[in-house]
Amino acid sequence: MVKYIQVLPDYTQFDIVEINPDLKQIAKDFFFFEENKKTKVFIEDAYQYVSKASSYK
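For what it's worth, UniProt numbering labels the leading residue of the sequence shown as 1, then goes sequentially.
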């Protein structure tokens, strides 16, 4: 998945929402994940994230 994201156009952006803060480091250590201009990691409850995101206009 990481390699796939890297070849997508620069205007593509993924918001990654994870409630467990340890998983961000696990993704870096074992899956070569790097946060960059195409990926933004939010450590919070996904339901709350979607609720906040859907309130923006």
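We put the beta carbon where it would ideally sit given N, CA and C, even for glycine.
The model shown is predicted, which means the values in this text are computed figures rather than measured ones.
Classification of residue i by the beta-carbon crowding that lies within 10 angstroms, buried from 16 upward
{"i": "F30", "result": "exposed"}
{"i": "F33", "result": "buried"}
Separation of residue j from residue i, as counted between CA atoms
{"i": "Q48", "j": "P21", "result": "16 angstroms"}
{"i": "Y4", "j": "E35", "result": "14 angstroms"}
{"i": "K24", "j": "D15", "result": "13 angstroms"}
Cβ distance (whole Å) where residue i is taken to contact residue j below 8 angstroms
{"i": "I26", "j": "D45", "result": "19 angstroms between Cβ atoms; not a contact."}
{"i": "L8", "j": "K28", "result": "In fact, because the Cβ distance is near 20 angstroms, the residues do not count as touching under 8 angstroms."}
Proximity winner among the options, relative to residue i (alpha-carbon distances)
{"i": "K40", "options": "L23, Y4 and Q13", "result": "Q13"}
{"i": "Y51", "options": "V17, F32 and P9", "result": "Here residue 51 is Ser; the residue named in the question, Tyr, does not match the sequence. Closest option to S51, Cα to Cα, is V17."}
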